[in-house]
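Heads up, the thing below is written out as structure tokens.
Number of protein chains: 2
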Amino acid sequence: MEKKDIHNSEVPVICRSCEARHRGICGVLDPDQLMKLGKQTTKQVRRADEELISAGSDVRTYSNIMSGVVKLTKLMADGRQQIVALQFAPDFMGRPFHSQSEISAEAATEVRLCSFPASTLESLIAESPELERKLHEQNLKELDEARDWMLTLGRKTASEKIASFFYMIANHVDPELEVGNGPVKFDIPLKRADIADFLGLTIETVSRQITKLRKAGVFEIENNRTVIVPKMSKLKNACEVEH
Amino acid sequence: MEKKDIHNSEVPVICRSCEARHRGICGVLDPDQLMKLGKQTTKQVRRADEELISAGSDVRTYSNIMSGVVKLTKLMADGRQQIVALQFAPDFMGRPFHSQSEISAEAATEVRLCSFPASTLESLIAESPELERKLHEQNLKELDEARDWMLTLGRKTASEKIASFFYMIANHVDPELEVGNGPVKFDIPLKRADIADFLGLTIETVSRQITKLRKAGVFEIENNRTVIVPKMSKLKNACEVEH
DNA sequence: CGACGCCTTGATCAACTTCAAATTTTGTGG
DNA sequence: CCACAAAATTTGAAGTTGATCAAGGCGTCG
């Protein structure tokens with residue numbers, strides 16, 4: 002018992018200040034494994050708009066997101082673009098077992114990453130089924146999110162899309178804050194052009210619909226970036242308006 | 002060696018005629034495991050439009066698709082609907098480790114299923130990491146497909162959406178037939194209303210765009226259901242038209 | 001200050017939807 | 001096999017939504 006406690010305190014220096022340590026994939030690692038991973042790990046800070054993974058490149062490094070927001074984008078030959086997912090701390094970034102699809106990752110805000118070689122993760126997976134399970138569970142979550150968003154892209158109006166986007170961000174900013182109806186305040190992590198690429202709209206339509214919802218009292222906006230939602234129920238209703 | 006051969010031939014009767022046996026999740030099971038699963042398994046045939054899994058229900062049965070096409074749909078309160086995925090043989094159907102998202106599954110065509118209790122699968126997973134890996138890989142594939150489709154929904158025109166849909170079906174009908182440029186013939190597994198729900202369009206727009214592409218010589222149609230693509234390259238080009 | 005990036009607003013336009021009706025296909029009973 | 005009803009698809013005309021084109025405002029940074 003004593004020994005175990007001592008052992009437990011042997012956490013890599015690099016991990017000690019990590020708020021995501023218990024929530025991300027690191028949460029399922031035992032202290033030895035965490036040490037092994039920690040030794041190979043480097044922290045990095047990337048500024049907004051930096052490209053983290055470019056489409057088609059062979060990624061031999063994986064990362065955990067410690068803070069900030071990452072956007073995953075798909076690009077068509079003529080320049081049309083679609084953001085297919087947003088990732089937040091403590092999400093795992095990178096695709097084990099290769100991927101046929103061409104996706105690139107970009108920092109949407111300033112992002113702090115914890116990066117390590119793919120081979121290290123792969124050897125940890127081999128010795129720990131829980132780690133594979135954890136990755137599997139994140140993928141299942143991402144699949145659910147992708148499908149939710151398909152409904153938004155395919156069937157919602159521009160105004161509902163904006164409301165749905167704000168609703169999703171509001172819930173991500175404060176995950177423990179359940180659908181408490183009280184006021185919620187947060188910064189939009191994307192600029193208008195990114196919101197447009199996420200929702201399948203143009204920046205002009207995004208701007209107009211934000212104005213419309215603001216005037217309808219669904220939320221207020223400060224400095225173009227900070228959103229205040231007085232009543233979450235009202236925002237939620239705006240995500241799916243009956244005729 | 003002799004013994005192993007005998008053992009290998011002890012494949013459940015129910016599996017012997019299954020074309021999907023080596024490709025789906027069953028492909029990673031050893032003969033003992035296959036026997037165990039086979040004993041709990043029932044075959045069923047469901048007709049087109051039957052509901053297989055209803056949104057929000059607690060699914061205690063999983064299935065492998067032996068033939069036919071299954072559509073996964075999401076429904077809004079006011080009736081708007083989006084098909085978020087199509088599944089083909091030998092896909093695994095069901096969601097291990099629960100799901101927060103409300104999806105229902107319906108037979109798009111006549112479907113033959115191989116069904117077994119969730120608990121059986123879960124105990125097989127516990128003893129075979131390869132099985133979990135196989136399920137994980139299918140989920141990764143589904144995630145890639147979902148994100149590809151998000152680009153289609155968010156950024157493609159009606160005409161490109163139709164072409165993309167036909168292109169996807171053509172590739173699924175004959176997976177071993179690589180992008181051979183020669184003529185491909187297949188049946189559309191969905192009726193117009195389903196195509197509309199898959200592409201985020203109305204049936205009228207689907208009909209008009211199909212007519213347009215047909216008149217442009219991208220494909221021919223027989224009996225409203227059978228499509229003949231003379232040149233796959235032409236269909237592929239129609240998936241992403243430069244201005 | 002002036003230039004640049006970002007966002008908003010206005011006017012016009014095109015794509016897609018909606019509403020309505022005709023036509024074709026499919027299924028059923030005689 | 002035909003007749004007929006029901007379902008599915010196509011076609012047409014008009015209406016809306018969101019895109020496009022074009023300016024103008026605001027804030028930041030050199």
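Residue numbers (our numbering), protein chains in the order written: chain A, 2 to 244; chain B, 2 to 244. We treat Cβ as the ideally placed atom computed from N, Cα and C, and that holds for glycine.
Who are the near neighbours of residue i in its chain, counting only those whose CB is closer than 8 Å to its CB and skipping five residues on each side?
i        : result
Lys213/A : Ser160
Val242/B : Thr158, Ser160 and Glu161
Val46/A  : Glu111, Val112, Arg113 and Leu114
Ile229/B : Pro184, Val185, Lys186, Phe220, Glu221, Ile222 and Glu223
Glu123/B : Pro97
Ala197/B : Thr203, Ile204, Thr206 and Val207
I'd like to know whether the C-beta atoms of residue i and residue j end up nearer to each other than 8 Å.
i        : j        : result
Phe93/A  : Ile170/A : no
Val12/A  : Leu35/A  : yes
Gly95/A  : Tyr63/A  : yes
Glu107/A : Lys72/A  : yes
Ile163/A : Ile126/A : no
Arg199/A : Phe166/A : According to the sequence shown, residue 199/A is Phe rather than Arg. Closer than 8 Å, so yes.
Arg156/A : Gly155/B : no
Leu136/B : Leu30/B  : no
Asn140/B : Leu53/A  : no
Pro190/A : Pro130/B : no
Ala119/A : Val70/A  : no
Ile66/A  : Gln88/A  : yes
Leu236/B : Thr121/B : no
If you reduce the DSSP assignment to three classes, tell me which class residue i lands in.
i        : result
Asn65/A  : strand
Asn224/B : coil
Arg113/A : strand
Asp188/A : strand
Ile84/B  : strand
Met94/B  : strand
Thr121/B : helix
Ser105/A : strand
Gln45/B  : strand
Lys5/A   : Legend: pLDDT at Lys5/A = 45, less than 50; position of this residue unreliable, no value from coordinates given.
Val60/B  : coil
Lys40/B  : helix
Thr74/B  : strand
Leu154/A : helix
Gln210/A : helix
Leu53/B  : strand
Val29/B  : helix
Val275/B : Here chain B comprises residues numbered 2 to 244, so residue 275/B is not present and cannot be evaluated.
His230/B : What sits at residue 230/B in the sequence shown is Val, not His. Three-state DSSP puts Val230/B in a strand.
For residue i, which residues from the same chain have a beta carbon less than 6 Å from its beta carbon, with the 5 sequence-adjacent residues on both sides left out?
i        : result
Thr42/B  : Ile15, Cys115 and Phe117
Lys22/A  : Checking the displayed sequence, the identity of residue 22/A turns out to be Arg instead of Lys. The residues are Cys16.
Ala194/A : Ile204
Gly57/A  : Glu103
Ala86/A  : Leu73
Ala239/B : Ala164 and Val219
Ile84/A  : Lys72, Thr74, Asp198 and Phe199
His173/A : Phe89
Arg48/B  : Glu111
For residue i, which residues from the same chain have a beta carbon less than 7 Å from its beta carbon, with the 5 sequence-adjacent residues on both sides left out?
i        : result
Met151/A : none
Asp24/B  : What sits at residue 24/B in the sequence shown is Arg, not Asp. Cβ within range, chain order: Pro91.
Asp50/B  : Glu107 and Ala108
Glu3/A   : The pLDDT assigned to Glu3/A is 43, lower than 50, so where the model puts this residue is not dependable; a value taken from the coordinates is nonetheless given after this. So no residue of the chain qualifies.
Lys232/B : Asn182
Asp188/B : Arg226 and Thr227
Ile7/A   : Legend: pLDDT at Ile7/A = 47, less than 50; position of this residue unreliable, value from coordinates given subsequently. There are no such residues.
Thr153/A : Lys162 and Ser165
Ser55/B  : Ser105
Does at least one heavy atom of the ligand MG sit under 7 Å from the Cβ of residue i?
i        : result
Thr227/B : In the structure on display, the ligand MG does not appear, and there are no ligands present to speak of.
Checklist entry - Do the region 136 to 153 of chain A and the region 218 to 238 of chain A meet, that is, are 3 or more Cβ pairs less than 8 Å apart? => result Using a C-beta cut-off of 8 Å, the region 136 to 153 of chain A makes no contact with the region 218 to 238 of chain A, since fewer than three inter-stretch Cβ pairs fall below that distance.
Checklist entry - Are at least three pairs of beta-carbons, each pair with one atom in the region 33 to 47 of chain A and one in the region 79 to 92 of chain A, less than 8 Å apart? => result no
Next on the checklist: What are the residues in the region 133 to 151 of chain B lying within 9 Å of chain A by C-beta distance?
Outcome noted: Taken in chain order, the members of the region 133 to 151 of chain B whose beta-carbon sits within less than 9 Å of a beta-carbon on chain A are Glu133, Arg134, Leu136, His137, Glu138, Asn140, Leu141, Lys142, Glu143, Leu144, Asp145, Glu146, Ala147, Arg148, Asp149, Trp150 and Met151.
Checklist entry - Listed from N- to C-terminal order along the chain, which residues in the region 41 to 75 of chain B have their beta-carbon within a distance smaller than 7 Å of any beta-carbon of chain A? => result The residues in question are Lys75.
Checklist entry - Which residues, taken in chain order from the region 83 to 95 of chain A, show a beta carbon closer than 9 Å to some beta carbon of chain B? => result Gln83, Ile84, Val85 and Ala86
Item to check | Residues of the region 153 to 164 of chain A with Cβ closer than 7 Å to any Cβ of chain B, in chain order | outcome: Leu154, Gly155 and Arg156
Next on the checklist: Residues of the region 197 to 220 of chain B in Cβ contact with chain A at a cutoff of 9 Å, in chain order, please.
Outcome noted: Asp198, Phe199, Leu200, Gly201 and Leu202
Next on the checklist: If the cut-off is 7 Å on Cβ atoms, which residues from the region 97 to 109 of chain B count as contacting chain A, listed in chain order?
Outcome noted: Phe98, Ser100, Gln101, Ser102 and Ile104
Checklist entry - the region 218 to 241 of chain B: which residues have C-beta closer than 7 Å to a C-beta of chain A, in chain order? => result Against chain A - using a Cβ distance shorter than 7 Å - the residues of the region 218 to 241 of chain B are Glu241.
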